[in-house]
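Asks: Dropping a structure here in C-alpha cells format, bear with me for questions.
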Amino acid sequence: MPIQNAEIAAVLNEIADLLDIQEANPFRIRAYRNAARTVGEAGRSVPAMVARQADLDALPGIGPDLAGKITEIVNTGSCALLERLRKELPPGITELLKVPGLGPKRVRALYHDLGVQTLAQLHLAAQEGRVQAIAGFGPKTQQALLEATAARLRQERRFPLGVADETAAALLAGLAAVPGVARAVAAGSLRRRRETVGDLDLLVSLSGDSAVMAHFIQGEDGRQVLLHGGTRASVVLKSGLQVDLRAVPAQSLGAAWVYFTGSKAHNIALRRLAQEQGLKVNEYGVFRGAERIAGATEASLYQALGLRYIEPELREDRGEIEAARQDRLPVLVSLADLRGDLHLHTRDSDGRDSLEAMAAAARARGWRYAAVTDHSRSPAFARGLDPVRLAKQIDRIDRFNEKAQGFTVLKGIEVDILQDGTLELPDSILQRLDLVVGAVHHHLDLPRARQTERVLRAMDSRYFTLLAHPTGRLIGERAPCEIDLLRVLRKARERGCFVELNAQPARLDLADTACQMAKAEGVLVSINSDAHGTLEFNHLPSGIDQGRRGWLEKADVLNTRDLPELRPLLARTMG
DNA sequence: GCCGTTTTCGGCCCGACTGTTTTCAGTCG
C-alpha cells in the first residue's frame with residue numbers, strides 16, 4: 001500500500017515534536033510543522049508527485065532539504081533524521097506534548113529529572129508527589145497534570161458542529177444580557193464552520209465596565225473554571241465542552257473577532273503581511289507605530305492591510321489572502337442559491353415519509369424540483385427497490401408529476417456500486433430514470449487501487465450521473481475509504497458526470513479540500529441532503545457550510561441550476 | 001529549514017494567563 005499524505009505529515013510532525021523537546025532552533029521546528037500542514041492539506045497526492053518527479057519545492061514552505069526528506073519518506077516510509085531522533089529520545093515521549101499544560105520544556109524536564117516517558121508514568125509521578133519537586137513545577141502544576149493525564153487516558157473528544165451551535169447560542173444569549181456587554185459573538189472553528197469543534201470561542205465587546213467575566217464563570221450548571229482574568233476566561237461545561245471567553249473594548253471588536261476566529265495559520269499570515277507593510281496587527285487593532293489605524297470592524301482590518309473582506313470559512317491560509325489581495329475571492333454559495341435536491345429517500349426504501357410528503361416539503365422550501373433516489377436492493381437494511389418495484393415507483397412519479405403544478409419530482413435511484421464496479425440494476429430500468437446516483441455501501445476497505453477501479457468502472461456505465469458520498473466516511477466513526485479522488489474526478493469530468501457533497505452532518509462527504517479539488521478539475525458538485533424524512537432537509541446548511549469551506553461558488557454547484565438548465569446536464573451523462 | 005519588489009543573510013506573529021519566580025518562563029490560542 002503506497003504511503004498517504006497524512007502519513008508523511010505525521011512523520012514530519014513527529015520530527016518537529018522531537019526537535020522541540022531537544023530545544024532545537026524554533027524556526028527549524030516551525031519549518032517542519034509548516035511542511036507537515038502543507039503536505040496534509042495538499043489536496044493532491046504528494047507520493048504521486050514524487051513518483052513522477054514533480055517539483056516538491058513548488059509547494060509553499062518546502063525547500064530543497066524538506067523536498068529530499070519527503071522523497072525519502074515516500075520511498076522508505078521513514079527518514080534517517082527521525083530514526084536518529086527516536087534513538088536519542090524514548091519512543092512515545094511525544095504523547096506527553098498533547099497533555100494540556102505541557103510543552104517541550106516541561107516534557108524535557110520531566111524526562112531528564114524523573115525519567116518520565118509515558119502518560120502512565122507521568123500520572124504515577126504526579127500521584128506520588130514527585131512532579132512538584134522539579135524546578136519550575138509546583139503543587140498546582142502537579143495537581144493539574146494529575147487531572148490532565150487522567151482525562152487524557154480517558155481520551156479526548158470533539159463535538160459535532162450542531163451541538164456546538166446550540167450551546168453557543170444559549171451562552172451568547174446569556175452574555176448579551178449582562179450589563180455593559182455591547183455585543184456577544186461566536187468565533188473560532190465554530191464560526192469557520194469546521195466539521196467538528198474542539199472547544200467554543202466566544203467574544204464580547206464592552207461598552208463600559210461589566211461583570212461579564214464573573215457572570216461567565218458562575219454559571220449554575222456546574223461548569224469547571226480553568227482560568228479567568230480581566231479579559232479572558234475558560235470553563236469546561238458538564239458536557240465536557242470547553243468554552244473560552246474573551247472581552248474587548250467595542251472599538252477593538254473587529255480586530256478581536258478576526259484574531260479569535262482564526263485560523264491560527266490565517267492570523268500568522270495576516271501578521272506577516274502587516275509586518276511587510278510596517279504595520280502591527282494584534283487583537284486590539286492595526287497599528288502604525290503607536291497609532292491605531294483600524295480594528296473596529298473586520299472589514300476595516302482587512303482593508304488596512306490592502307485586502308478585501310475574507311469570509312470566515314476561507315480563513316485557513318489556503319490561498320485566501322493572496323486572492324483577497326488580487327480581488328479574486330470567490331463569491332461563496334449560499335443556501336438560497338439551491339434550486340432543488342438530488343438525493344432523498346422515501347418510505348419505498350428506508351425513508352420515513354411518503355413520496356408525496358417529501359415532495360411537499362421540498363416544494364415548501366421554494367424549490368422547483370427534487371429527485372427521489374431510493375436504495376437498490378443491496379443495502380440489506382434499506383428494503384431497497386428491485387427492478388419491478390422501481391418500475392412501479394417510476395409510474396407513480398409520472399402520475400404525480402402530471403398533477404403537480406410548478407414542481408417536478410425527478411426519477412432517480414441510489415444504486416449500489418458492487419465490488420467489481422457494476423451497478424446493481426440493469427440498464428433496462430436505469431434508462432427510464434432522470435438520474436442515477438451511484439454509491440458504495442459495502443467493502444469500503446478495498447485497497448486503494450481496487451477501490452478506485454471499482455468507482456471508475458461504475459462511471460463507465462452510460463447511465464451513471466452522480467457519485468454519492470464519495471469516500472464513505474462517517475466523522476469520528478469511520479475513516480474515508482482509500483480512493484484516488486483525483487482520478488475519480490478526472491473520469492467524472494471526462495464522462496460529464498458529477499460528485500456529491502452529502503450534507504448529513506455525520507458524513508459531510510466530500511471534505512472541504514476535496515471540494516476545492518473538484519472545482520479545480522471542473523467537476524460540478526451537488527450539495528444534497530440525503531434526507532430520510534422531511535425534517536432532514538434541515539441538514540442542507542451543513543452541506544452549504546462545507547461547500548463554502550471548499551471555495552464553492554453558485555456556478556460550481558449542480559443543483560443551483562433551474563430545471564431547464566439542469567435537465568440537459570443530466571441528460572448528457574445518460575447518453 | 002525557508003525565504004526575498006528593501007534582503008542570498010538575517011530575519012521568522014503576538015499577547016494573556018498561570019504558577020512560580022521575586023522579575024519571568026512556559027504554555028496556549
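Numbered by UniProt numbering, the letters in the first sequence go through residues 1 to 575 in order. Quick reminder that beta carbons are idealized off the backbone N, C-alpha and C, glycines included.
#1: Whole angstroms are fine: how far does the CA of residue 421 sit from the CA of residue 453?
#2: Quick one, are the C-beta atoms of residue 414 and residue 442 less than 7 Å apart?
#3: Excluding the 5 residues flanking residue 431 on each side, which residues of the same chain have their C-beta closer than 7 Å to its C-beta?
#4: Could you give the uninterrupted runs of the alpha helix (DSSP H) lying entirely in the segment 496–550, keeping only those of 4 residues or more?
#5: In chain order, what residues of the same chain lie with their CB nearer than 8 Å to the CB of residue 211, ignoring the 5 residues before and after it?
#6: Note down the Cα distance separating residue 140 from residue 364, rounded to an integer number of angstroms.
#7: From the DSSP output, which residues share a beta bridge with residue 417?
#8: Need the endpoints of the alpha helix (DSSP H) that residue 340 sits in, please.
#9: What whole-angstrom Cβ distance do residue 417 and residue 425 have, given they're in contact under 8 Å?
#10: Suppose the cutoff is 8 Å on Cβ atoms and the five residues either side in sequence are ignored; what does the same chain contact list for residue 481 look like?
#11: Roughly how many whole angstroms lie between the Cα atoms of residue 353 and residue 359?
#12: Touch check for the segment 515–526 and the segment 555–568: three-plus C-beta pairs under 8 Å?
#13: Is it buried or exposed for residue 494, if we count other Cβ within 10 angstroms and need 16 for buried?
#14: Residues in its own chain within less than 8 Å of residue 257 by CB, not counting five upstream and five downstream?
#15: For residue 120 and residue 51, I'd like the C-alpha separation in whole angstroms.
#16: In the segment 290–368, which residue ranges form an unbroken alpha helix (DSSP H) of at least 4 residues, counting only runs that do not cross its ends?
#17: So, with DSSP's three-state summary, where would you put residue 238?
#18: Let me confirm a value: residue 25 is counted as buried when at least 16 other C-beta atoms fall within 10 Å, else exposed. Which label applies?
#19: Do the CB positions of residue 206 and residue 168 come within less than 7 Å of each other?
#20: From the DSSP output, which residues share a beta bridge with residue 204?
#21: Please classify residue 267 as buried or exposed, where buried requires at least 16 neighbouring CB atoms within 10 angstroms.
#22: Alpha carbon to alpha carbon, what distance is there between residue 278 and residue 532?
#23: Over what stretch of residues does the beta strand (DSSP E) that includes residue 216 continue unbroken?
#24: Indicate the three-state DSSP secondary structure (helix, strand or coil) for residue 585 in the structure shown.
#25: Can you tell which of 162, 214, 182, 4 has the C-alpha that lies nearest to the C-alpha of residue 189?
#26: Report the option in 182, 11, 232 whose CA atom is closest to the CA atom of residue 208.
#27: Which of helix, strand or coil does DSSP assign to residue 276?
#28: Measure the C-alpha to C-alpha separation of residue 31 and residue 565 and round it to an integer number of angstroms.
#29: Would you call the segment 539–546 and the segment 329–340 in contact, with 3 or more CB pairs under 8 Å?
#30: Between the C-alpha atoms of residue 104 and residue 318, what's the straight-line distance to the nearest angstrom?
#31: Could you check whether residue 295 and residue 351 sit closer than 7 Å to each other, using their CB atoms as the reference points?
#32: Measuring straight from C-alpha to C-alpha, what distance separates residue 68 and residue 19?
#33: Would you check if the segment 244–254 and the segment 225–234 touch, i.e. whether three or more CB-CB distances between them fall below 8 Å?
#34: Identify every residue that forms a DSSP beta bridge with residue 374.
#35: With the cut-off set at 7 Å, would you say residue 499 and residue 518 are in Cβ contact?
#36: May I have a chain-ordered list of the beta strand (DSSP E) segments no shorter than 3 residues that lie completely inside the segment 32–66?
Replies: Put simply:
#1: Residue 453 and residue 421: Cα-Cα distance of roughly 7 Å.
#2: Their beta carbons are not under 7 Å apart, which means residue 414 does not touch residue 442 by this criterion.
#3: Excluding sequence neighbours, residue 431 sits near 463.
#4: Runs of the alpha helix (DSSP H) inside the segment 496–550: 512–521, 540–549.
#5: The residues are 178, 179, 180.
#6: Approximately 58 Å between the Cα atoms of the pair.
#7: Answer is 423, bridged to residue 417.
#8: Membership of residue 340 in any alpha helix (DSSP H) is not indicated; the residue belongs instead to the beta strand (DSSP E) covering 340–344.
#9: Actually they are not in contact, since the Cβ atoms of residue 417 and residue 425 sit about 11 Å apart, beyond 8 Å.
#10: If we look at residue 481 and ignore the five residues flanking it on each side, its Cβ neighbours are 440, 444, 445, 446, 451, 471, 472, 473.
#11: Approximately 10 Å, taken between the alpha carbons.
#12: Cβ pair count under 8 Å is three or more, so yes.
#13: It is exposed - the Cβ of residue 494 has fewer than 16 other Cβ atoms within 10 Å.
#14: Taken in chain order, the residues that qualify are 185, 187, 203, 298.
#15: Using only the alpha carbons, I get a separation of about 42 Å.
#16: Every alpha helix (DSSP H) stretch that sits fully inside the segment 290–368 and reaches 4 residues is listed by chain position as 298–304, 320–325, 355–364.
#17: Residue 238: coil per DSSP, three-state reduction.
#18: The residue in question, residue 25, is exposed, as its Cβ has fewer than 16 Cβ neighbours within 10 Å.
#19: Result no, Cβ atoms of residue 206 and residue 168 do not sit closer than 7 Å.
#20: Beta-bridge partners of residue 204 (DSSP): 184, 247.
#21: That one is buried.
#22: The straight-line gap from Cα to Cα measures roughly 55 Å.
#23: Counting along the chain, residue 216 falls outside any beta strand (DSSP E), though it belongs to the alpha helix (DSSP H) covering 212–217.
#24: The structure shown does not extend to residue 585, since the chain spans only 1 to 575, so no value can be given for it.
#25: Nearest of 162, 214, 182, 4 to residue 189, Cα basis: 162.
#26: It is 182 whose Cα lies nearest to the Cα of residue 208.
#27: Residue state, collapsed to three classes: helix.
#28: Approximately 48 Å between the Cα atoms of the pair.
#29: Touching, yes, given that three or more Cβ pairs across the two stretches are closer than 8 Å.
#30: Using only the alpha carbons, I get a separation of about 28 Å.
#31: Going by C-beta atoms, residue 351 is not nearer than 7 Å to residue 295.
#32: Residue 68 and residue 19 have their C-alpha atoms some 18 Å from each other.
#33: Touching, yes, given that three or more Cβ pairs across the two stretches are closer than 8 Å.
#34: Its beta-bridge partners are 413.
#35: In terms of Cβ geometry, residue 499 and residue 518 form a close pair [threshold 7 Å].
#36: Whole beta strand (DSSP E) segments, 3+ residues: zero.
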